Amino acid sequence: VCCPRETNIIPPLALRISNETTNVTSSTTTLKLLPRTTPRPPSGVDQLPQHPYCGSAFSFRLVGGHNTGLFEFPWTTLLEYDTVGGGKDYACGASFIGQRWLLTAAHCIHTMGRNLTAAILGEWNRDTDPDCENDLNGVRECAPPHIRVTIDRILPHAQYSELNYRNDIALLRLSRPVNWLQMQYLEPVCLPPQRGRYANQLAGSAADVSGWGKTESSGSSMIKQKAMLHIQPQDQCQEAFYKDTNITLADSQMCAGGEIGVDSCSGDSGGP
1381 VCCPRETNII PPLALRISNE TTNVTSSTTT LKLLPRTTPR PPSGVDQLPQ
1431 HPYCGSAFSF RLVGGHNTGL FEFPWTTLLE YDTVGGGKDY ACGASFIGQR
1481 WLLTAAHCIH TMGRNLTAAI LGEWNRDTDP DCENDLNGVR ECAPPHIRVT
1531 IDRILPHAQY SELNYRNDIA LLRLSRPVNW LQMQYLEPVC LPPQRGRYAN
1581 QLAGSAADVS GWGKTESSGS SMIKQKAMLH IQPQDQCQEA FYKDTNITLA
1631 DSQMCAGGEI GVDSCSGDSG GP
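Here it is, written out as structure tokens:
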């Protein structure tokens, strides 16, 4: 869940990209992939970036419905699993937080009959590669191909409990660094300060969720989805949650939602 910054005004696309372009020719048209040249400070593979070097949405148009724009939420990552039958499955999401690290939910690590193996970064439409869409002027815009990186280390919270889902958080280390400074439209999410605000202090605030979870009319979505939820007061959340699950929430947990038909769903777990 991402809490939007009220002052996060993204400058026009033309001000954030250089005049240098890379031409990609297909059988029907020539596409221009626009590189990012916004200067960023050097950082090691285990260092976390700080604003304004993280958390940019890269959205330059308004999008109706629940589909994200092609470059929205560029930190939203798709997790890949090997199944018992030898196939591939995509059951959870994660957040790209640094060159070699992802943040996800601990319950996404051990899923019945599946083994977490890799992460897909820079994905938008699971059915296409490269991903393309038309902007408001009808110009076809395409993103670079997505990146698949295997996961070599899984670090769940030491006090994660499957009984009450407390400390439901985990770190995933990629097998190689992803140098997002040199990549187009891929950026880590900003993490909150170490001493963050409690749920009641955030009650009523809007929060964005994104991922490829199940939609109202079908199974898992092929296109990355988004929804805006509102964080609920802790007492109301506790009452509703306990009634359905018999689980007591901790101060470190919060819930969001409350609007019919707008929510995250199966497949969105672990994502931002």
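The sequence shown begins at 1381 in our numbering and counts up one residue at a time. For every residue, glycine included, the Cβ atom is placed at its ideal position computed from N, Cα and C. Keep in mind the model is a prediction, meaning the values are calculated, not measured.
Out of curiosity, what's the CA-to-CA distance linking residue 1461 and residue 1502? The count along the sequence shown starts at 1 and reaches residue 1461 at position 81. The count along the sequence shown starts at 1 and reaches residue 1502 at position 122. So the two alpha carbons sit approximately 17 Å from each other.
Quick one: Cα of residue 1523 to Cα of residue 1588, how far? Residue numbering aside, residue 1523 sits at position 143 when the sequence shown is read from its first letter. Residue numbering aside, residue 1588 sits at position 208 when the sequence shown is read from its first letter. Cα atoms of residue 1523 and residue 1588: separation of roughly 22 Å, rounded to the nearest angstrom.
Contacting residues, own chain, Cβ-Cβ under 7 Å from residue 1434 (five flanking each side not counted): For this step, residue 1434 is matched to residue 54 along the sequence shown. Non-local C-beta neighbours of residue 1434 in its own chain, meaning closer than 7 Å and more than five positions away in sequence, comprise 1567, 1568, 1569 and 1570, ordered along the chain.
For residue 1506, which residues of its own chain have a beta-carbon under 7 Å away from its beta-carbon, when the five flanking residues on both sides are left out? To locate residue 1506, count along the sequence shown from 1; it is residue 126. Cβ neighbours of residue 1506 beyond the five flanking positions: 1592 and 1602.
Quick check: the Cα distance between residue 1453 and residue 1436, rounded to an integer number of angstroms? Residue 1453 sits at position 73 when you count from the first residue of the sequence shown. Residue 1436 sits at position 56 when you count from the first residue of the sequence shown. One C-alpha to the other measures close to 8 Å.
Since residue 1621 is in the alpha helix (DSSP H), which residue starts that stretch and which ends it? Counting from 1 along the sequence shown, the entry for residue 1621 is found at position 241. Element bounds for residue 1621: 1614–1625.
Is the segment 1463–1473 in contact with the segment 1482–1491, if contact means three or more CB pairs nearer than 8 Å? Counting Cβ pairs under 8 Å, three or more are found: they touch.
Taking DSSP as the reference, what is the three-state secondary structure of residue 1487? Residue numbering aside, residue 1487 sits at position 107 when the sequence shown is read from its first letter. The answer is helix: DSSP assigns residue 1487 an H, G or I state.
Grab the span of the beta strand (DSSP E) containing residue 1532 for me, first residue to last. Counting from 1 along the sequence shown, the entry for residue 1532 is found at position 152. Here the beta strand (DSSP E) through residue 1532 covers 1527–1536.
Of all Cβ atoms in chain B, is any one closer than 8 Å to the Cβ of residue 1465? Annotation note: the requested chain B is absent from the structure, which comprises a single protein chain.
Among 1509, 1560, 1512 and 1620, whose alpha-carbon lies nearest the alpha-carbon of residue 1427? Here residue 1427 refers to the residue found at position 47 of the sequence shown. The shortest Cα separation from residue 1427 among 1509, 1560, 1512 and 1620 belongs to 1560.
By Cβ distance, which residues of its chain are closer than 8 Å to residue 1610, with the 5 residues on each side in sequence left out? Locating residue 1610 in the sequence shown gives position 230, counting from the first residue. Only 1584, 1585, 1586, 1587, 1636, 1637, 1638 and 1639 meet the Cβ criterion.
Please classify residue 1481: does DSSP put it in a helix, a strand, or coil? In the sequence shown, counting from the first residue as 1, residue 1481 sits at position 101. If DSSP states are grouped into helix, strand and coil, residue 1481 belongs with the strands.
Helix, strand or coil for residue 1727 per DSSP? What is shown of the chain runs 1381 to 1652, which leaves residue 1727 out entirely.
What three-state label does DSSP hand residue 1607 in the structure shown? Indexing the sequence shown from 1 puts residue 1607 at position 227. The three-state reading of DSSP puts residue 1607 in strand, counting E and B together.
When the Cα atoms are used, what is the spatial distance from residue 1649 to residue 1513? Within the sequence shown, residue 1649 is the residue found at index 269, counting from 1. Within the sequence shown, residue 1513 is the residue found at index 133, counting from 1. Approximately 26 Å, taken between the alpha carbons.
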